[in-house]
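I have placed the structure first, in the form of structure tokens, so that the comments after it can refer back to it.
Number of protein chains: 2
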Amino acid sequence: MFTCLRHDGKARLGQLTTAHGLVSTPAFMPVGTLATVKAVPSEVVAATGAQMILANTYHLMLRPGAERVARLGGLHTFMNWPGPILTDSGGFQVMSLAGLRTVNAGGITFRSHIDGARYYLTPERSIAIQRALDADITMALDECIPFPATQEQAAASMRLSMHWAERCRAAFVTRPGYGLFGIVQGSIYPDLRKESVRCLRLMGFDGYAIGGLAVGESQEIMFTVLEQTVPLMPSNYPRYLMGVGKPEDLVGGVLRGIDLFDCVLPTRSGRTAQAFTHHGTVNMRNARHAEDSRPLEDTCTCMTCRRYSRAYLHHLVRSREILGIMLLTWHNLHFYQTLMQTMRTAIAHGALTACVESFMAGLRAGDIRQSS
Amino acid sequence: MFTCLRHDGKARLGQLTTAHGLVSTPAFMPVGTLATVKAVPSEVVAATGAQMILANTYHLMLRPGAERVARLGGLHTFMNWPGPILTDSGGFQVMSLAGLRTVNAGGITFRSHIDGARYYLTPERSIAIQRALDADITMALDECIPFPATQEQAAASMRLSMHWAERCRAAFVTRPGYGLFGIVQGSIYPDLRKESVRCLRLMGFDGYAIGGLAVGESQEIMFTVLEQTVPLMPSNYPRYLMGVGKPEDLVGGVLRGIDLFDCVLPTRSGRTAQAFTHHGTVNMRNARHAEDSRPLEDTCTCMTCRRYSRAYLHHLVRSREILGIMLLTWHNLHFYQTLMQTMRTAIAHGALTACVESFMAGLRAGDIRQSS
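The listed protein sequences correspond, in order, to chains B and W.
So for the first sequence, numbering that gives the first Met the number 0 puts the first residue at 0; every next one is plus one.
So for the second sequence, numbering that gives the first Met the number 0 puts the first residue at 0; every next one is plus one.
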């Protein structure tokens, strides 16, 4: 389901083929937690250039429930997103959100953060839920541990995740255009990452993800783990860095051979008045925007920048208007997709290094001067 | 600025010509309180069929401030709404929202509900603010009193409003395509309404509004006041029933000769899970929608009904997702505009009575049966 079309250093231009369409890689997936990319209608998600979105198994299993989504025709029909969808396994949110968790070799017992109802998530159940949702890409259930973790903790957890991965591999029903990804764990320990990759390669997956990063470690540590881990991963399968990240993280990930990313940052930032621009992150609450009639970015072609001024966005944010959240989220998603498209084009022309230098220089330069 | 094209009983088909375009009447104006129709981008407002919107002087004078809007090119540019805009005078919200109000013949002293800052709103200041906002239609400052009010209270208040209307008339700078509307007051007392209309006609306005209704009285009382008041109003000027209302109120208003309406109901209802349909109001929180794959209305052509199921809307509402607010608000605005268009077409064909009977029968029939 993956074809690598071209290399530029370690970076790769590729194509992922799924039952619901193609994804050009490197790609960024907007997060559609509860079957909606927050504050964005699906046609606007598509208009930003996104080809694949991520949905959260944990949230959807609680509400509206995977079997209900299945009866309503699957997630694509339910949320009016005809393109590819990747679902996570539920493991990450169980760890971060659910109450009274108990993890054993069998699976995870937890209580819903909504109503306290008791659930039991096993590798087999996670796979069944993701199938009921009709996910194009299913993720193996893994355990996510906090950072920092001792080598002993990380080793025990990684081995549990490998055990679960094997059960996921066995439970997954192979269908054309549908794939199962394994998740490399091992925290910041190279030997554990190496062991994890070896385990997963023996089982054989349709793609390989790196989990357990973007959990509080520095960017430097994250990049070091990527440099140690990515070369061990098979070259003919997609590589997915989970939960990452800032624009600079995406750039660094692509340079180190990553093909797929997801993160709540562009959408969450839209709800906290943060706008991503080629001049860095801009806080739209800041009073300096109050009479600035310029768009957020004069070179941006998104719906927000073509139609609305910084002054108006500032006013909406200050007034806590929903439209402010909508317009900033739309811009941020467009910014992320434009960045990925720019990197894909640069890889195609063997010009990624220059492209990245130019992008990083823009971020360092900071926001445009106040209008006078 | 107003042309009556055709009568059907007391109902009228007309056209209002403003500096920013035409408005076919009877018309319903969505409310864009803080320079945004809540949760609706301006191009979606236009796509629902709305031709003119209302913005609130009280809110805009506090934030971002009328002079700031003027420096940013006026309200049309600021909020990216190129069509006609009507602004209210600020009087109604001062009465309902502001703190520590003092009303005397000169004007209203009040404190901002945002930061407690002290303001003084006079007829002249209200007109100046509305000019700074670049409102196509400016409303005279009036005093709004609660329902019920004694005849003495209503008389004193109406006479104060007439005094202010005269000062507004004097302060308003006549410009092509811009108009000033006077507001008839007098509560439920026919003699006071009559006196108020006579006063306003002597001053001469570009349109006449009926204020002091939709403040808690029954629909029967409101319709009675309309039946007593509308015939006294000049036939060659637009008639605007302020702050009304439910779909049945719009129908009753049109039948009684009203040309313009505004109300927060379709937008506010979108934020409280209420959907307007030809089968009555539907509460999308209701569990009966949870597995209903049908659209809100199968005959509706709005973005929501063409793309999303009741089950999905129910899920969004239950999950408190912003997209739920957006999609319901968009549908509700489309419903209101479709109702107005249906009535305009019916008037043009002399078929309003049959049209209204059919519409009211639909509402009485109630929502479609649960899918099985």
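Beta carbons: idealized from backbone N, C-alpha and C, even for Gly.
Taking 8 Å as the CB-CB cut-off, is residue i touching chain B?
{"i": "N79 (chain W)", "result": "yes"}
{"i": "M420 (chain W)", "result": "One cannot answer for residue 420 (chain W) here, as it falls past the ends of chain W, which runs 0 to 371."}
{"i": "A126 (chain W)", "result": "Here residue 126 (chain W) is Ile; the residue named in the question, Ala, does not match the sequence. Chain B, which has no Cβ nearer than 8 Å to the Cβ of I126 (chain W), makes this no."}
{"i": "I84 (chain W)", "result": "no"}
{"i": "R317 (chain W)", "result": "yes"}
{"i": "H112 (chain W)", "result": "no"}
{"i": "H333 (chain W)", "result": "no"}
{"i": "L265 (chain W)", "result": "This sequence places Pro at residue 265 (chain W); Leu is not what is there. Not one chain B Cβ lies under 8 Å of P265 (chain W)."}
{"i": "H330 (chain W)", "result": "no"}
{"i": "H314 (chain W)", "result": "yes"}
{"i": "P63 (chain W)", "result": "yes"}
Can you name the start and end residues of the alpha helix (DSSP H) that residue i belongs to?
{"i": "M202 (chain B)", "result": "189 to 202"}
{"i": "I367 (chain B)", "result": "That residue, I367 (chain B), is in no alpha helix (DSSP H); it is neither H nor E in DSSP."}
{"i": "T228 (chain B)", "result": "218 to 228"}
{"i": "L264 (chain W)", "result": "264 to 269"}
What does residue i reach in chain B if we use C-beta pairs closer than 7 Å?
{"i": "E320 (chain W)", "result": "L33, T35, K37"}
Report the neighbours of residue i on chain W: residues whose CB is nearer than 7 Å to its CB, in chain order.
{"i": "E290 (chain B)", "result": "R67, R70, L71"}
{"i": "R306 (chain B)", "result": "N79"}
{"i": "I346 (chain B)", "result": "Per Cβ cutoff of 7 Å: no residues; I346 (chain B) is ~34 Å from chain W at best."}
{"i": "A131 (chain B)", "result": "Chain W residues near A131 (chain B): none, gap ~14 Å exceeds 7 Å."}
{"i": "Y311 (chain B)", "result": "F77, M78"}
Which residues mark the beginning and the end of the beta strand (DSSP E) in which residue i is found?
{"i": "V30 (chain W)", "result": "Per DSSP, V30 (chain W) belongs to no beta strand (DSSP E) and is neither H nor E."}
{"i": "T2 (chain B)", "result": "1 to 7"}
{"i": "I182 (chain B)", "result": "178 to 183"}
{"i": "T17 (chain W)", "result": "10 to 17"}
{"i": "T173 (chain W)", "result": "T173 (chain W) -> no beta strand (DSSP E), and no H or E assigned at all."}
{"i": "T24 (chain B)", "result": "20 to 24"}
{"i": "G215 (chain W)", "result": "Unbroken run through G215 (chain W): none, as it is neither H nor E."}
{"i": "G210 (chain W)", "result": "Looking at the DSSP string, G210 (chain W) is not in any beta strand (DSSP E), and its letter there is neither H nor E."}
Starting from the beta carbon of residue i, find every residue of chain B whose beta carbon is closer than 8 Å, and list them in chain order.
{"i": "I324 (chain W)", "result": "I321"}
Taking residue i as the query, report the chain A residues whose CB atoms sit under 9 Å from its CB, ordered along the chain.
{"i": "P246 (chain W)", "result": "Of the protein chains in the structure, B and W, none is chain A."}
How about residue i: is its C-beta nearer than 8 Å to some C-beta of chain W?
{"i": "P40 (chain B)", "result": "yes"}
{"i": "P29 (chain B)", "result": "no"}
{"i": "P294 (chain B)", "result": "no"}
{"i": "P230 (chain B)", "result": "no"}
Give the residues of chain W in contact with residue i, contact being defined as C-beta atoms less than 8 Å apart.
{"i": "H278 (chain B)", "result": "The contacting residues do not exist; H278 (chain B) stays about 22 Å from chain W at best."}
{"i": "A286 (chain B)", "result": "Within 8 Å Cβ-Cβ: nothing; A286 (chain B) doesn't reach chain W, min ~11 Å."}
{"i": "P237 (chain B)", "result": "By Cβ distance, chain W contributes nothing, its closest Cβ being about 29 Å from P237 (chain B), past 8 Å."}
{"i": "P122 (chain B)", "result": "Those within 8 Å of P122 (chain B) in chain W number zero; the least Cβ separation is about 27 Å."}
So with CB distances below 9 Å, who are the chain W contacts of residue i?
{"i": "P189 (chain B)", "result": "Near P189 (chain B) there are no residues of chain W at all, since even the closest Cβ is about 41 Å away, more than 9 Å."}
{"i": "P25 (chain B)", "result": "Here the premise fails: no neighbours, minimum Cβ distance about 27 Å."}
TODO: Could you name each continuous beta strand (DSSP E) segment of 3 residues or more that falls completely within the stretch 42 to 112 of chain B, going from the start of the chain to the end?
DONE: 52 to 54, 84 to 86, 98 to 103, 106 to 110
Open item on the list: Runs of 4 residues minimum, wholly inside the stretch 277 to 365 of chain B: which ones carry the alpha helix (DSSP H) assignment?
Closed with: 302 to 306, 309 to 317, 321 to 347, 351 to 364
Open item on the list: Would the stretch 84 to 91 of chain B count as touching the stretch 53 to 67 of chain B if we require 3 or more Cβ pairs under 8 Å?
Closed with: yes
Open item on the list: Going residue by residue through the stretch 112 to 158 of chain W, where are the continuous alpha helix (DSSP H) segments of at least 4 residues, counting only ones entirely within it?
Closed with: 122 to 132
Open item on the list: Check whether the stretch 192 to 203 of chain B and the stretch 225 to 244 of chain B touch, using three or more Cβ-Cβ pairs below 8 Å as the test.
Closed with: yes
Open item on the list: Give the list of continuous beta strand (DSSP E) stretches no shorter than 3 residues that lie fully inside the stretch 231 to 255 of chain W.
Closed with: 238 to 240
- [ ] Determine, using beta-carbon pairs with one atom in the stretch 211 to 218 of chain W and one in the stretch 143 to 161 of chain W, whether at least three such pairs fall under 8 Å.
- [x] yes
Open item on the list: Does the stretch 278 to 290 of chain B come into contact with the stretch 336 to 350 of chain B, if we say contact requires no fewer than three beta-carbon pairs (one atom in each stretch) closer than 8 Å?
Closed with: no
- [ ] Decide if the stretch 266 to 274 of chain B is in contact with the stretch 237 to 252 of chain B; the criterion is three or more beta carbon pairs, one per stretch, under 8 Å apart.
- [x] no
Open item on the list: Does the structure place the stretch 33 to 43 of chain W close enough to the stretch 64 to 83 of chain W that three or more beta carbon pairs sit under 8 Å?
Closed with: yes
Task: At least three beta-carbon pairs within less than 8 Å, the stretch 324 to 344 of chain W to the stretch 96 to 110 of chain B - done: no
Task: Meets three-Cβ-pair contact criterion under 8 Å: the stretch 40 to 52 of chain W and the stretch 268 to 283 of chain W - done: no
Open item on the list: Counting beta carbon pairs with one atom in the stretch 6 to 18 of chain B and one in the stretch 39 to 48 of chain B, are three or more of them shorter than 8 Å?
Closed with: no
Open item on the list: Quick test of the definition: if touching needs 3 or more C-beta pairs under 8 Å, does the stretch 254 to 264 of chain B touch the stretch 296 to 315 of chain B?
Closed with: no
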